[in-house]
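Peer 1: Would you mind keeping the following structure in view while I ask a few things?
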Amino acid sequence: MHPYPLDPVDRTLLNALQRDGRATVGDLAEAVSLSTSPCWRRVRALEEAGVIAGYHAHLHRQRVGWGVLGFVQLALHDHTAETTTALEREVMAMPQVLSCHNLSGRYDYQLEVVAADLESFAEYVRTHVRSLPGVREISTSFSLKEVKRTMALPL
């Protein structure tokens, strides 16, 4: 996939939207010194090109009942397409898994998992993660303090 060509106006628009996804077209137009119609067309073009993948509300994890954030590294028995496809399909259906990355190095995958508390995290790993296709080894670690979390990409 090739990068979408971004000019300075696009970059300013994208930075403004990363700061505030609820910014009005008027606010965005003012930020880039355009009238609202051309500004709206640019935002629409960025959406259609897939540069803007969506909009969301950032929720406070603990305030909605997820007190524990853990990282689960998985090593697989084998690396066949059948095993990895099955594992990835099942992970996609697990709502407590916030992210999943296929890794280089000792472990094959890393999951970012939320749970209400340590006991429920342990139970989730025992009952859900351990039963994923092809899992040979599991290693877990916990976030003691979140120093930085952002979805904003540097432009």
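Numbering-wise, UniProt numbering puts 32 at position 32 of the sequence shown, and it's gapless, one number per residue. Think of the CB as a built atom: it goes at the ideal place given N, C-alpha and C, for glycine as much as any other residue.
Please report the Cβ distance between D10 and R42, rounded to the nearest whole angstrom; I am assuming they are in contact, meaning their Cβ atoms lie under 8 Å.
Peer 2: That belief holds up - the Cβ atoms of D10 and R42 are roughly 7 Å apart, short of 8 Å.
Peer 1: Thinking just about the alpha-carbon of each residue, which of Q73, A31, L34 and A93 is nearest to the one in S139?
Peer 2: Closest option to S139, Cα to Cα, is Q73.
Peer 1: A115 bridges to which residues according to DSSP?
Peer 2: BP columns for A115 point to V68.
Peer 1: Skipping 5 residues on each side, what residues in its chain have a beta carbon closer than 8 Å to that of D78?
Peer 2: Taken in chain order, the residues that qualify are G134.
Peer 1: Which value, in whole angstroms, describes the spacing of the CA atoms of R106 and V91?
Peer 2: Their Cα atoms are separated by approximately 20 Å.
Peer 1: Across which residues does DSSP place F142 in a beta bridge pair?
Peer 2: Note: F142 sits in a beta bridge opposite G70.
Peer 1: Between P3 and A152, what straight-line distance do the alpha-carbon atoms span, to the nearest angstrom?
Peer 2: The alpha-carbon atoms of P3 and A152 are separated by roughly 17 Å.
Peer 1: Along the chain, which unbroken stretches of the alpha helix (DSSP H) at least 4 residues long are found entirely within the stretch 48-109?
Peer 2: List check, alpha helix (DSSP H) in window: 81-92.
Peer 1: Return the bridge partner residues of V25 from the DSSP annotation.
Peer 2: For V25, which the question treats as bridged, DSSP gives no partner whatsoever.
Peer 1: So the alpha helix (DSSP H) L17 belongs to, where does it begin and stop?
Peer 2: Segment P8 to R19, the alpha helix (DSSP H) holding L17.
Peer 1: Can you list, in chain order, the residues of its chain with a C-beta nearer than 6 Å to that of V97? Leave out the 5 residues immediately preceding and following it.
Peer 2: If we look at V97 and ignore the five residues flanking it on each side, its Cβ neighbours are V91, L111 and V113.
Peer 1: Closest to R63 by C-alpha separation, out of A75, A116 and R89, would be which residue?
Peer 2: Of the candidates A75, A116 and R89, the one whose C-alpha sits nearest the C-alpha of R63 is A116.
Peer 1: State whether the stretch 82-89 contacts the stretch 43-55, with contact taken as three or more CB pairs (one from each stretch) at a distance under 8 Å.
Peer 2: These segments do not touch.
Peer 1: What does a CB cutoff of less than 7 Å around V32 pick up in its chain, not counting 5 residues either side in sequence?
Peer 2: Excluding sequence neighbours, V32 sits near V9, T12, L13 and C39.
Peer 1: Assuming E137 and A75 form a contact by the criterion Cβ under 8 Å, report the distance between their Cβ atoms to the nearest whole angstrom.
Peer 2: Confirmed, about 4 Å.
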